[in-house]
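K.L.:
2 protein chains.
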Amino acid sequence: MALINENYQKLKAGYLFPEIGKRVREYSAKKSSRNIIRLGIGDVTLPLSPSIVKAIQDAALEMGTMEGFKGYGPEQGYPFLIEGIIKNEYNTRNISLDSDEVFVSDGSKCDTGNIQEIFDANCKVATTDPVYPVYVDTNVMAGRTEEAFDDGRYAGIIYMPCLEENDFLPEFPGNKPDIIYLCYPNNPTGTTMTKETLKGWVDYAKKNKAVILFDAAYEAFITEPNIPHSIYEIEGAKEVAIEFRSFSKTAGFTGTRCAFTIVPKEVVGYTRDGETVPLNPLWNRRQTTKFNGVSYVIQKAAAACYSEQGKKEIQKNINYYMENAKIIKESLSKLGYKVYGAINAPYIWLKTTDNLSSWEFFDKVLHTVQVVGTPGSGFGASGEGYFRLSAFGSKENVLEAMDRFKSL
Amino acid sequence: MALINENYQKLKAGYLFPEIGKRVREYSAKKSSRNIIRLGIGDVTLPLSPSIVKAIQDAALEMGTMEGFKGYGPEQGYPFLIEGIIKNEYNTRNISLDSDEVFVSDGSKCDTGNIQEIFDANCKVATTDPVYPVYVDTNVMAGRTEEAFDDGRYAGIIYMPCLEENDFLPEFPGNKPDIIYLCYPNNPTGTTMTKETLKGWVDYAKKNKAVILFDAAYEAFITEPNIPHSIYEIEGAKEVAIEFRSFSKTAGFTGTRCAFTIVPKEVVGYTRDGETVPLNPLWNRRQTTKFNGVSYVIQKAAAACYSEQGKKEIQKNINYYMENAKIIKESLSKLGYKVYGAINAPYIWLKTTDNLSSWEFFDKVLHTVQVVGTPGSGFGASGEGYFRLSAFGSKENVLEAMDRFKSL
Numbered sequence: 001m002a003l004i005n006e007n008y009q010k011l012k013a014g015y016l017f018p019e020i021g022k023r024v025r026e027y028s029a030k031k032s033s034r035n036i037i038r039l040g041i042g043d044v045t046l047p048l049s050p051s052i053v054k055a056i057q058d059a060a061l062e063m064g065t066m067e068g069f070k071g072y073g074p075e076q077g078y079p080f081l082i083e084g085i086i087k088n089e090y091n092t093r094n095i096s097l098d099s100d101e102v103f104v105s106d107g108s109k110c111d112t113g114n115i116q117e118i119f120d121a122n123c124k125v126a127t128t129d130p131v132y133p134v135y136v137d138t139n140v141m142a143g144r145t146e147e148a149f150d151d152g153r154y155a156g157i158i159y160m161p162c163l164e165e166n167d168f169l170p171e172f173p174g175n176k177p178d179i180i181y182l183c184y185p186n187n188p189t190g191t192t193m194t195k196e197t198l199k200g201w202v203d204y205a206k207k208n209k210a211v212i213l214f215d216a217a218y219e220a221f222i223t224e225p226n227i228p229h230s231i232y233e234i235e236g237a238k239e240v241a242i243e244f245r246s247f248s249k250t251a252g253f254t255g256t257r258c259a260f261t262i263v264p265k266e267v268v269g270y271t272r273d274g275e276t277v278p279l280n281p282l283w284n285r286r287q288t289t290k291f292n293g294v295s296y297v298i299q300k301a302a303a304a305c306y307s308e309q310g311k312k313e314i315q316k317n318i319n320y321y322m323e324n325a326k327i328i329k330e331s332l333s334k335l336g337y338k339v340y341g342a343i344n345a346p347y348i349w350l351k352t353t354d355n356l357s358s359w360e361f362f363d364k365v366l367h368t369v370q371v372v373g374t375p376g377s378g379f380g381a382s383g384e385g386y387f388r389l390s391a392f393g394s395k396e397n398v399l400e401a402m403d404r405f406k407s408l
Numbered sequence: 409m410a411l412i413n414e415n416y417q418k419l420k421a422g423y424l425f426p427e428i429g430k431r432v433r434e435y436s437a438k439k440s441s442r443n444i445i446r447l448g449i450g451d452v453t454l455p456l457s458p459s460i461v462k463a464i465q466d467a468a469l470e471m472g473t474m475e476g477f478k479g480y481g482p483e484q485g486y487p488f489l490i491e492g493i494i495k496n497e498y499n500t501r502n503i504s505l506d507s508d509e510v511f512v513s514d515g516s517k518c519d520t521g522n523i524q525e526i527f528d529a530n531c532k533v534a535t536t537d538p539v540y541p542v543y544v545d546t547n548v549m550a551g552r553t554e555e556a557f558d559d560g561r562y563a564g565i566i567y568m569p570c571l572e573e574n575d576f577l578p579e580f581p582g583n584k585p586d587i588i589y590l591c592y593p594n595n596p597t598g599t600t601m602t603k604e605t606l607k608g609w610v611d612y613a614k615k616n617k618a619v620i621l622f623d624a625a626y627e628a629f630i631t632e633p634n635i636p637h638s639i640y641e642i643e644g645a646k647e648v649a650i651e652f653r654s655f656s657k658t659a660g661f662t663g664t665r666c667a668f669t670i671v672p673k674e675v676v677g678y679t680r681d682g683e684t685v686p687l688n689p690l691w692n693r694r695q696t697t698k699f700n701g702v703s704y705v706i707q708k709a710a711a712a713c714y715s716e717q718g719k720k721e722i723q724k725n726i727n728y729y730m731e732n733a734k735i736i737k738e739s740l741s742k743l744g745y746k747v748y749g750a751i752n753a754p755y756i757w758l759k760t761t762d763n764l765s766s767w768e769f770f771d772k773v774l775h776t777v778q779v780v781g782t783p784g785s786g787f788g789a790s791g792e793g794y795f796r797l798s799a800f801g802s803k804e805n806v807l808e809a810m811d812r813f814k815s816l
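Those sequence lines, one after another, are chains C and Z. Residue numbers are given in my numbering: position 180 of the first sequence equals residue 180, and the series is strictly consecutive. Just remember that my numbering sits 408 ahead of the position in the second sequence, which is counted from 1.
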């Protein structure tokens with residue numbers, strides 16, 4: 001009898017963005033209002049820049065010739081892209097990496113979702129709260145939790161609340177975790193960790209023989225100094241951290257799909273007998289067995305992000321989004337809202353007014369000013385009472401939305 | 409302490425194709441011979457056809473405009489591709505499917521590797537032997553086996569030998585499996601199942617409440633009637649089977665990456681309490697949680713395979729490969745080899761001569777006629793004494809290789 005993985009049945013049915021979509025559809029159907037401005041989902045809106053378009057077109061042409069055709073490529077990615085990543089993302093920050101420490105993939109969602117497979121089913125997982133739901137859900141599916149409580153938290157996960165009171169920075173949990181998910185610049189709060197704070201986490205992981213899964217998908221949006229772009233800027237991090245990076249937000253690849261994961265040769269896990277095991281070969285085995293590499297044309301597109309022209313084009317788009325973030329932050333601050341993030345991340349995290357719950361505030365904003373944001377509680381129990389706006393819209397829409405907020 | 413998934417340590421270190429590469433490199437380094445002809449790995453060699461190249465180029469242009477840009481798409485694939493798949497692959501064979509029964513992905517390796525996640529960790533798995541290693545290895549990683557025996561088989565897997573004696577068709581195992589992997593047309597033997605035989609498996613699965621994971625990656629190479637292209641040509645199969653299909657071999661997408669998986673709404677698994685659970689929502693949840701969809705430009709490329717012109721171009725390439733298969737089969741038969749497959753599949757499976765082991769024969773062929781094939785034992789214990797040649801080379805190389813075989 002084909003038994004199912006019953007861990008799936010622990011997953012809470014309603015997912016955040018479908019519920020948002022449903023409420024927006026219901027509202028639109030009932031009310032014929034002015035246009036609805038969507039600052040909810042964290043999806044980019046600017047087109048692929050010309051260097052990237054050209055790279056895809058050239059690669060397609062190449063694939064149409066006998067000499068240029070590429071069949072199966074290395075599962076880990078082509079050397080031309082891996083070299084571009086090491087040179088531009090790491091060497092520029094005095095981090096050296098070997099080419100077999102870089103694993104190109106089709107998305108950080110996949111990588112942050114799949115990475116838990118190389119760890120024992122009984123590993124204790126710690127995540128910040130609020131958090132990107134994928135970290136938690138994939139561990140639920142893998143059986144590392146019990147059922148969910150009423151507030152949406154799962155028994156068995158160590159939640160580290162990130163609130164106004166602690167500057168949205170997690171505290172070291174008393175109950176020692178084996179695997180620690182950290183995402184900085186943070187989704188959804190838009191807040192960051194300084195090098196000193198992150199150093200504390202690296203030391204904590206070392207002391208407890210834990211592994212940090214560091215999601216740096218938003219590092220390109222950092223504007224201030226002393227904010228680490230990579231966890232490997234911290235001394236000793238290579239021994240305890242795996243890092244996830246993506247072209248999605250950086251270069252507008254949410255619909256084009258390319259990302260990469262760094263598994264240094266130094267980072268280790270342990271057998272039940274206490275033996276030390278490097279994680280790099282485990283991830284390599286996982287990827288070579290279950291993945292067949294990213295499309296050649298897409299890897300060429302990603303590599304174009306590192307050409308001189310490509311870098312300029314991409315930075316222009318990032319600046320555009322960060323200008324939006326600034327507009328939102330300043331406008332809402334002026335209106336008296338408590339606003340966080342937006343300086344080193346494309347997300348604005350604001351406290352709801354009048355003690356409204358996240359969903360109450362969502363409905364109020366939708367019904368009153370026809371702007372869609374994301375309820376903070378959708379990212380976890382500690383997100384309750386907060387609301388996320390994304391800076392990925394057009395400047396016109398952002399200005400219009402801010403104007404509308406005046407009448408809220 | 410971050411414990412690793414110790415199931416990974418059960419995996420046998422040497423993987424087939426790296427070992428082949430090593431032997432070829434060592435031989436080339438020692439001997440300066442004429443060129444080596446590679447008929448080993450199952451990778452295509454003809455370039456992407458013009459319709460596909462154009463589709464990629466057009467999609468890239470579109471992605472470079474404000475109006476045409478696409479961010480996150482549906483994880484399950486764009487409707488334009490799903491409709492093309494249903495219409496061209498299924499409706500033409502009198503199979504109806506709903507659009508939410510089709511899941512577009514970046515490869516059948518991923519899908520056949522990931523599908524086991526939705527089943528219980530204690531499910532009993534049956535596979536043919538020889539077999540595509542991914543089916544077995546992913547179940548080893550998931551903890552469904554014990555250690556490997558000396559012959560490479562893992563305790564806990566039900567192996568179904570496919571040999572000359574049984575026309576390379578598995579027999580129903582006495583020890584009842586919960587999950588049954590079948591790949592027809594078969595990799596590596598190139599043999600097929602008739603509709604009647606496959607009907608027997610559907611009935612067997614029904615009787616035992618098992619699920620068939622049917623890999624039909626090579627269906628486009630079928631030339632004879634009465635060979636099912638899809639398992640859903642068999643009555644009742646929707647209740648017990650998940651089907652995997654790919655553009656890799658069909659349209660030369662091994663380096664372009666697009667595939668799809670069919671999970672009918674009728675196919676079910678069971679809870680420990682004996683409750684029936686449809687598998688479609690489980691796979692949907694798996695994909696939406698751990699996957700972010702295939703690149704828009706690649707989905708456009710795949711959809712181009714269903715244009716009138718695209719179909720013609722693709723069929724031309726398939727015919728080219730099957731002409732190669734025919735040449736190999738006829739040439740080797742004439743030389744007295746026992747040759748299987750090659751009629752409905754791009755693989756030729758031949759029995760080694762003089763009772764040589766697969767690797768001995770591999771070395772003999774490499775050293776004597778400088779042709780690279782794949783040792784049958786690399787696909788499982790029952791592949792010992794067999795050798796696989798692939799029809800994906802150029803016709804010139806195939807003719808030259810067959811000429812060389814005369815002196816073996």
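Cβ atoms here follow ideal geometry from the backbone N, Cα and C, with glycine treated the same way.
Work out the CA separation of alanine 345/C and alanine 563/Z for me, nearest whole Å.
P.N.:
Here residue 563/Z corresponds to residue number 155 of the second sequence, with the count starting at 1. Here residue 345/C corresponds to residue number 345 of the first sequence, with the count starting at 1. Between alanine 563/Z and alanine 345/C, the C-alpha separation is close to 50 Å.
K.L.:
Give, in chain order, every residue of the stretch 693 to 711 of chain Z whose Cβ lies closer than 9 Å to some Cβ of chain D.
P.N.:
Structure shown: chain D not included; protein chains present are C and Z.
K.L.:
Of all the residues that make up the stretch 199 to 214 of chain C, which are near chain Z by a beta-carbon distance shorter than 9 Å?
P.N.:
For the stretch 199 to 214 of chain C, which is checked against every Cβ of chain Z, the residues closer than 9 Å are Ala205, Asn208, Lys209, Ala210, Val211.
K.L.:
When you check each C-beta in the stretch 302 to 332 of chain C against every C-beta of chain Z, which residues fall closer than 8 Å?
P.N.:
Taking 8 Å as the Cβ-Cβ cut-off against chain Z, none of the residues of the stretch 302 to 332 of chain C qualify.
K.L.:
Give me whichever residues DSSP pairs with cysteine 518/Z in a beta bridge.
P.N.:
Counting from one through the second sequence, the residue named residue 518/Z turns up at place 110. Answer is none; cysteine 518/Z lacks a bridge partner.
K.L.:
DSSP puts glutamate 651/Z in a beta bridge; with which residues?
P.N.:
The residue labelled residue 651/Z in the question sits at position 243 within the second sequence. Per DSSP, Phe622/Z, Ile670/Z.
K.L.:
For threonine 189/C, count neighbouring Cβ atoms within 10 angstroms of its own Cβ and tell me buried if that reaches 16, exposed if not.
P.N.:
In the first sequence, residue 189/C corresponds to position 189, counting from 1. Per the 10 Å Cβ criterion, buried.
K.L.:
Who are the Cβ neighbours of proline 170/C in its own chain at under 6 Å, not counting the five residues just before and after it?
P.N.:
Within the first sequence, residue 170/C is the residue found at index 170, counting from 1. Result list for proline 170/C: Thr128, Met160, Cys162, in chain order.
K.L.:
Can a CB atom of chain Z be found closer than 9 Å to the CB of glycine 40/C?
P.N.:
The residue labelled residue 40/C in the question sits at position 40 within the first sequence. No, its Cβ sits nowhere closer than 9 Å to a Cβ of chain Z.
K.L.:
At 8 Å on the CB atoms, spell out the chain C contacts of threonine 664/Z, in chain order.
P.N.:
In the second sequence, the residue the question calls residue 664/Z occupies position 256. The answer, in chain order, is Met63, Ser295, Tyr296, Val297.
K.L.:
How many Å lie between glutamate 146/C and lysine 10/C at the Cα?
P.N.:
Residue mapping note: residue 146/C aligns to position 146 of the first sequence, counting from 1. Residue mapping note: residue 10/C aligns to position 10 of the first sequence, counting from 1. About 7 Å.
K.L.:
Which residues, in order along the stretch 144 to 156 of chain C, keep a beta-carbon less than 7 Å from a beta-carbon of chain Z?
P.N.:
Residues: none.
K.L.:
Going by DSSP, name the residue or residues bridged to isoleucine 37/C.
P.N.:
Position 37 of the first sequence, counted from the first residue, corresponds to residue 37/C. In DSSP, isoleucine 37/C forms a bridge with Val371/C.
K.L.:
Does DSSP put arginine 388/C in a helix, in a strand, or in coil?
P.N.:
Translated into positions along the first sequence, residue 388/C becomes position 388. Looking at arginine 388/C - three-state DSSP - the assignment turns out to be strand.
K.L.:
I need the DSSP call for valine 24/C, collapsed to helix, strand or coil.
P.N.:
Looking up residue 24/C in the first sequence gives position 24. Helix.
K.L.:
If the cut-off is 7 Å on Cβ atoms, which residues from the stretch 80 to 111 of chain C count as contacting chain Z, listed in chain order?
P.N.:
The residues in question are Asp106, Gly107, Lys109, Cys110.
K.L.:
Can you check the stretch 462 to 528 of chain Z for any alpha helix (DSSP H) of at least 4 residues that lies completely inside it and give the ranges in chain order?
P.N.:
DSSP runs (the alpha helix (DSSP H)) wholly in the stretch 462 to 528 of chain Z: 487 to 493, 516 to 522.
K.L.:
Any C-beta of chain Z sitting closer than 9 Å to the C-beta of valine 44/C?
P.N.:
Here residue 44/C refers to the residue found at position 44 of the first sequence. Yes, valine 44/C lies at the interface with chain Z (some Cβ there is under 9 Å from its Cβ).
K.L.:
Quick check on this structure: which residue in Asp623/Z, Ile639/Z, Asn634/Z, Pro585/Z has the alpha carbon closest to the alpha carbon of valine 610/Z?
P.N.:
Here residue 610/Z refers to the residue found at position 202 when the second sequence is read from its first residue. Out of Asp623/Z, Ile639/Z, Asn634/Z, Pro585/Z, Ile639/Z has the C-alpha closest to the C-alpha of valine 610/Z.
K.L.:
Near threonine 782/Z, what residues of its chain come up, given a Cβ to Cβ distance below 6 Å and the 5 sequence neighbours on each side ignored?
P.N.:
To locate residue 782/Z, count along the second sequence from 1; it is residue 374. Taken in chain order, the residues that qualify are Gly448, Arg796.
K.L.:
I need the straight-line Cα distance from asparagine 692/Z to lysine 584/Z, nearest angstrom please.
P.N.:
Taking the second sequence and counting its residues from 1, the one referred to as residue 692/Z is at position 284. Taking the second sequence and counting its residues from 1, the one referred to as residue 584/Z is at position 176. Spanning the two alpha carbons is a distance of roughly 28 Å.
K.L.:
Any Cβ of chain Z within less than 9 Å of the Cβ of arginine 272/C?
P.N.:
On the first sequence, residue 272/C is found 272 positions in, with the first residue counted as 1. It does: the Cβ of arginine 272/C has a partner Cβ on chain Z nearer than 9 Å.
K.L.:
Classify leucine 279/C as helix, strand or coil using the three-state DSSP reduction.
P.N.:
As a position in the first sequence, residue 279/C is number 279, starting the count at 1. Of the three classes helix, strand and coil, the one that applies to leucine 279/C here is helix, per DSSP.
K.L.:
Tell me whether leucine 571/Z sits in a helix, a strand or coil according to DSSP, three-state version.
P.N.:
The residue given as residue 571/Z occupies position 163 in the second sequence. In the structure shown, leucine 571/Z sits in coil (DSSP, three-state: anything other than H, G, I, E or B).
K.L.:
With DSSP as the reference, label leucine 577/Z as helix, strand or coil.
P.N.:
Translated into positions along the second sequence, residue 577/Z becomes position 169. Note: leucine 577/Z maps to coil in three-state DSSP.
K.L.:
Please tell me whether glycine 521/Z has its Cβ less than 9 Å away from any Cβ of chain C.
P.N.:
In the second sequence, residue 521/Z corresponds to position 113, counting from 1. It does; some Cβ of chain C falls within 9 Å.
K.L.:
Against chain C, with Cβ distances strictly below 9 Å, would methionine 409/Z count as a contact?
P.N.:
As a first step, residue 409/Z is located in the second sequence; it is residue number 1 there, counting from the start. So yes, methionine 409/Z belongs to the interface.
K.L.:
Less than 9 Å between the beta carbons of cysteine 591/Z and phenylalanine 655/Z, yes or no?
P.N.:
For this step, residue 591/Z is matched to residue 183 along the second sequence. For this step, residue 655/Z is matched to residue 247 along the second sequence. Not a contact, by the Cβ cut-off of 9 Å.
K.L.:
Would you say leucine 389/C lies against chain Z (beta-carbon separation less than 9 Å)?
P.N.:
Here the question's residue 389/C lines up with position 389 in the first sequence. So no, leucine 389/C is outside the interface.
K.L.:
Report the rounded CA-to-CA distance for alanine 342/C versus threonine 45/C, giving the unit in angstroms.
P.N.:
Numbered from its first residue, the first sequence carries residue 342/C at position 342. Numbered from its first residue, the first sequence carries residue 45/C at position 45. Alanine 342/C and threonine 45/C: Cα-Cα distance of roughly 17 Å.
K.L.:
Report yes if the C-beta distance between proline 50/C and glutamine 309/C is below 9 Å; otherwise report no.
P.N.:
Within the first sequence, residue 50/C is the residue found at index 50, counting from 1. Within the first sequence, residue 309/C is the residue found at index 309, counting from 1. Contact: yes.
K.L.:
Would you verify that the beta carbon of phenylalanine 69/C is, or is not, closer than 9 Å to some beta carbon of chain Z?
P.N.:
By 1-based counting over the first sequence, the position of residue 69/C is 69. Judged by the 9 Å Cβ criterion, phenylalanine 69/C is in contact with chain Z.
K.L.:
Beta-carbon within less than 7 Å of aspartate 545/Z's beta-carbon, same chain only, minus the 5 sequence neighbours each way: which residues are those?
P.N.:
Here residue 545/Z corresponds to residue number 137 of the second sequence, with the count starting at 1. Hits under 7 Å: Leu419.
K.L.:
Can you give me the C-alpha to C-alpha distance between glutamate 313/C and glycine 472/Z, rounded to a whole angstrom?
P.N.:
The count along the first sequence starts at 1 and reaches residue 313/C at position 313. The count along the second sequence starts at 1 and reaches residue 472/Z at position 64. Going from the Cα of glutamate 313/C to the Cα of glycine 472/Z covers about 12 Å.
K.L.:
Please tell me whether threonine 782/Z has its Cβ less than 9 Å away from any Cβ of chain C.
P.N.:
Sequence index remark: in the second sequence, residue 782/Z carries index 374 (1-based). With 9 Å as the cut-off, threonine 782/Z does not count as an interface residue toward chain C.
K.L.:
So that I know if they touch, is there some Cβ in chain C lying closer than 9 Å to that of serine 457/Z?
P.N.:
Residue numbering aside, residue 457/Z sits at position 49 when the second sequence is read from its first letter. It does; some Cβ of chain C falls within 9 Å.
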